Structures are given as C-alpha cells and as structure tokens.
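S.K.: Mind looking over this structure? Questions follow.
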Amino acid sequence: MKKSENESENFAMLEKKLVKAMNLVYVNLIKFKKEKNSPLVVMREGKIVHIKAEDLEMPLIKND
C-alpha cells in the first residue's frame, strides 16, 4: 500500500469519527435544551433566531 493511500484511509477514518462525535454532540444538545425547556439560539441569514425547545426534532442518525 502506498503512503498516500494509507493517509487517505486514515483521513477517511478520522472524518468518520469526527462526524459521529458531532452527531452525538448535537443529539445531547437537543436533549439538554428539551430537558431545560430552553430555546436554541442560532444565526440564520445573518440574524439571531430563537428556536423553541418543543420545536426541536431529534435527528435520524445512522449507526455504521
């Protein structure tokens, strides 16, 4: 196996782990916001938007 192929595989594996971790963070954030009945504050099109906790939906996450 060439060095560049090995680096590509390592990068792909790292990317997969990072995406999985970010999905877990997102799920935990939504759970926390719902438990505390606290709005999620985001920026959309340059404006600050408050999303009510009851309007937040749990994402569908595939387990690989």
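Each residue of the sequence shown is one higher than the last, beginning at 65 in the numbering used here.
By construction, the Cβ of each residue, glycine as well, lies at the ideal position given by its N, Cα and C atoms.
The structure displayed is predicted, hence computed values, not measured ones.
(1) Which residue marks the beginning of the beta strand (DSSP E) containing L104, and which one marks its end?
(2) Locate the beta strand (DSSP E) running through K111, then write down its first and last residues.
(3) Given a cut-off of 8 Å, decide if P123 and I115 are closer than it, judged by their beta-carbon atoms.
(4) Quick one: what does DSSP say E71 is sitting in, helix, strand or coil?
(5) In whole angstroms, what separates the C-alpha of V89 from that of S68?
(6) Check the C-beta distance from K100 over to L120 and give it rounded, since I have them as a contact under 8 Å.
M.R.: Looking at the coordinates:
(1) L104 to R108
(2) K111 to I115
(3) no
(4) helix
(5) 31 Å
(6) About 12 Å separates the two Cβ atoms, so there is no contact after all.
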